[in-house]
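To keep things clear, I will list the structure first and then write my remarks on it.
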Amino acid sequence: MRQLGHGGFGRTYLAEDQHRFNELCVLKEFAPQVQGSYGLQKSQELFEREAQILYQLQHPQIPCFRELFREKINGKGYLFVVQDYVKGLTYRELITQYKSQGTRFSELEVTQLMLQLLPVLEYIHSHGVVHRDISPDNVIRRQTDGLPVLIDFGGVKQIKAKVDSELGVRHLPPTPATRLGKVGYAPEEQMQIGIVSPHSDLYSLAATVVVLLTGKEPQHLIDSYHLTWNWRSQTSVSPKLAAILDKMLAHKPGERYSHASQVLQALNDTPVLPSIPTQAPPEMEIRSSPVLTQPPSVEAQIPIPIAATPNTTLQKTSYPKLKFPGNLSSTWTTVLLVTISMVLMGGVGWIGGFYFVNHLSRSNDGGFSAMGELQRQEFIQNRRQELGVDYQYFIELVNEEFYNRYPSQNGRMLTQDPADASWRKRWDKTAYDVLNRLTVISDESRSQLGQYSADNIKTWAKEVNALNLSSRALEDLADARFFYLFPEQPRGENLIDLPIGQIWQALTADELKMLQQGQNLKEVQFDENASKKVLQGVLQPGEGKAYVAWLKRQQNLRIKLEVPQKSTFLSLYTPSRRKNAKIILEDARLQSWSGQLEDTGYYEIIVVSDAKDPINYQLILEVE
4 MRQLGHGGFG RTYLAEDQHR FNELCVLKEF APQVQGSYGL QKSQELFERE
54 AQILYQLQHP QIPCFRELFR EKINGKGYLF VVQDYVKGLT YRELITQYKS
104 QGTRFSELEV TQLMLQLLPV LEYIHSHGVV HRDISPDNVI RRQTDGLPVL
154 IDFGGVKQIK AKVDSELGVR HLPPTPATRL GKVGYAPEEQ MQIGIVSPHS
204 DLYSLAATVV VLLTGKEPQH LIDSYHLTWN WRSQTSVSPK LAAILDKMLA
254 HKPGERYSHA SQVLQALNDT PVLPSIPTQA PPEMEIRSSP VLTQPPSVEA
304 QIPIPIAATP NTTLQKTSYP KLKFPGNLSS TWTTVLLVTI SMVLMGGVGW
354 IGGFYFVNHL SRSNDGGFSA MGELQRQEFI QNRRQELGVD YQYFIELVNE
404 EFYNRYPSQN GRMLTQDPAD ASWRKRWDKT AYDVLNRLTV ISDESRSQLG
454 QYSADNIKTW AKEVNALNLS SRALEDLADA RFFYLFPEQP RGENLIDLPI
504 GQIWQALTAD ELKMLQQGQN LKEVQFDENA SKKVLQGVLQ PGEGKAYVAW
554 LKRQQNLRIK LEVPQKSTFL SLYTPSRRKN AKIILEDARL QSWSGQLEDT
604 GYYEIIVVSD AKDPINYQLI LEVE
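This is the structure in structure tokens:
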């Protein structure tokens, strides 16, 4: 019908969906920079794979993704995304309206906007999605009910960039990360580094609210030298709201709210919050002597390991902790954002989760190793606290990993002597790597690290049995995630009583939750007139799929798994509730199996990826 806009993703049109009674819809053009039909088809496959999470978003304040289709226009291939059309005015248009009337948004109006949008952000963040581009242009006040609707997810543009990158598009300069967002509305680290977290959206929401309150754009409210917001003098709001907005707009990511729920709680609290103090806090106390007592809530040191021998007390060597100035160095900012970016994901999601962290750990460390020793210690301390990992457990875990990497150091404590500086740096780097890997675990499961026991495993076994799966199947799925995250760990050894075994249990808890939510689990039902089922999809690195099928004794079962060679493990278990339940296949590299079944009940077929990259798979099941 007409063009609505044009951006990095392509053109956007208002159209009528002839398959839905000529209902209005938004048509977004995706023009991949590739040549030929193969390139276009591959683009669609990659786009579909990467956009899967966005398709799953079902929220009344988010336009639904309806479908994706290909089309050739004048010999050039295009992909089109169809979304719901939202009738209403953007908040950019509302600002213009208010200005024409000589008014601005009131505190009541912006508070209501925040209360209506924060649950939407909480929802998308729980699905591992960050909007990346919140601004007055990308929020619509829906005409039918007055609710704000989030549009134009920056993640779609991110997908386009990834598709172009994976297909090796020529003539395009390589970039380490696609930087999305609007200057002033997106935090500095998002614009400079290109990696985002849920608090990036909270920053953008606060920037939008401040623009609504003041009627001025961010460039007129930000001190470009100190990189601080000076907006309070431009409007009059309660100290409570001002304090909340200031915290959301904090320059240091670690000083912002981490989750939308925290902002909601702050808004709903009845006590009025005090204004942010303008006077600098006292300098942190500097410690230089060893501390042998249990660390306080904010520890002043990161201990260096000693040998894990019996009857040995863990002696914690402390280091001075410095107060950082308001403007972090570029190196510090880079490392901070690279590390906290995973919360992008809520921990359990695969896209941008396991895959990102493992690639990060294999690549450079974003500048962490270039930091000074005191900066490294400060970073490790802040990051551990942000992730909510128990202090004592974390030290034991890092020590274990450090000794595994450097066996020559097992049995000695690192000192503060200059001769040990290189080893202290290696210990810090080990801690940094461990923290990166812990980010893929959900907040709830991560908070229990150091507390899991055999009782948890027994409880999980009962819960997974209720899904017609055995504990063996759950272990297969957890193993896939664990060994992708820690490929250096030996298979077949009992790690459950070691600190790293706690991570396996946390991953198991997350895997069970996904199974209970219907993810990675499917019941296969054969029709009376059909004895063959074809199941297909994409396996992310470390991901597994569980299939259960009710089969009868003396039926013949044939399994064929079409995957790249040596990229998966295949397991087949007999009904787990029978006394004679047994293993037919376990972690087999086979791609086919056939045989006559000896029992009646739910058979379990488990396919897990052992590949370093996403793979397509097709599982063919036939029964006679």
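Residue numbering for the sequence shown follows my numbering, beginning at 4 and increasing consecutively. For glycine and all other residues, C-beta sits at the position ideal for the given N, C-alpha and C.
Taking the DSSP output, what are the residues bridged to residue i?
i, result
"I645", "Residue numbering for the chain in the displayed model covers 4 to 627; residue 645 lies beyond these limits and cannot be assessed."
"E607", "V551, Y576"
"Q222", "DSSP, once it has assigned bridges, lists no residue as partnering Q222."
"S612", "T571"
"A18", "C28"
"G91", "R145"
"F86", "Just to set this straight, residue 86 is Gln in the shown sequence, not Phe. The partner list for Q86 (beta bridge, DSSP) reads V29, F68."
"N619", "V541"
"Y81", "E74"
"K525", "Y550"
Does the separation of the CB atoms of residue i and residue j fall below 8 Å?
i, j, result
"I609", "A481", "no"
"R73", "V85", "no"
"Q505", "G453", "yes"
"I137", "D204", "yes"
"V132", "L71", "no"
"E547", "N523", "Looking at the sequence itself, residue 547 is Gly, so the reference to Glu does not match. In contact: G547 and N523 (Cβ atoms closer than 8 Å)."
"L488", "R440", "yes"
"R2", "D140", "Residue 2 lies beyond the residue range present for the chain, which begins at 4 and ends at 627; the question has no answer from this structure."
"S612", "Q558", "no"
"L515", "E589", "no"
"Y88", "L17", "yes"
"G187", "I98", "no"
"V437", "E404", "yes"
"I460", "A509", "no"
"L124", "A263", "yes"
"N649", "V551", "Limits of the chain in this structure are 4 at one end and 627 at the other, which puts residue 649 out of reach."
"S474", "A483", "no"
"E607", "A549", "yes"
"I623", "K563", "yes"
"Q383", "A434", "Note that residue 383 corresponds to Ile in the displayed sequence, not to Gln. Yes."
"L628", "L600", "The structure shown does not extend to residue 628, since the chain is modelled only from 4 through 627, so no value can be given for it."
Classify residue i as helix, strand or coil using the three-state DSSP reduction.
i, result
"G504", "helix"
"I154", "coil"
"Q6", "strand"
"F485", "helix"
"F68", "strand"
"Y576", "strand"
"I247", "helix"
"S109", "coil"
"P284", "Confidence at P284 is low in this model, with a pLDDT of 30, below 50, so the placement of that residue should be treated as unreliable; the coordinate-derived value is given next. In this structure, P284 counts as coil in the three-state DSSP scheme."
"N148", "Correcting the residue identity first, residue 148 is Asp in this sequence and not Asn. Coil."
"G329", "Per-residue confidence for G329 stands at a pLDDT of 31, beneath the threshold of 50, marking its modelled position as unreliable; no derived number is given."
"K185", "coil"
"Q520", "coil"
"F371", "helix"
"R494", "coil"
"N439", "helix"
"D204", "helix"
"T178", "Unreliable placement is indicated for T178, whose pLDDT of 42 sits below 50; the coordinate value is still reported in the next sentence. Here T178 sits in coil by DSSP."
"I460", "helix"
"D423", "helix"
"D431", "helix"
"D590", "strand"
"E531", "coil"
"G257", "helix"
"L377", "helix"
"R402", "The question names Arg, yet the displayed sequence has Asn at residue 402. Helix."
"A469", "coil"
"D140", "helix"
"V275", "Low per-residue confidence applies at V275: pLDDT is 34, beneath 50, and the placement is therefore not dependable enough to give any value."
In the DSSP assignment, find the unbroken alpha helix (DSSP H) run with residue i in it and report its ends.
i, result
"V132", "It is not in any alpha helix (DSSP H) - V132 carries neither H nor E in the DSSP assignment."
"Y94", "94-103"
"S236", "Element bounds for S236: n/a, residue is neither H nor E."
"Q539", "No alpha helix (DSSP H) holds Q539; the beta strand (DSSP E) holding it covers 535-542."
"E447", "446-449"
"I499", "Premise fails: I499 is in no alpha helix (DSSP H) and is neither H nor E."
"V392", "Premise fails: V392 is in no alpha helix (DSSP H) and is neither H nor E."
"M416", "First-last for M416: undefined, no H or E at that position."
"Q195", "191-196"
How would you write the range of the beta strand (DSSP E) that residue i sits in, first residue to last?
i, result
"F33", "26-33"
"A269", "Taken as a continuous stretch (DSSP letters only), A269 belongs to no beta strand (DSSP E), being part of the alpha helix (DSSP H) at 263-271."
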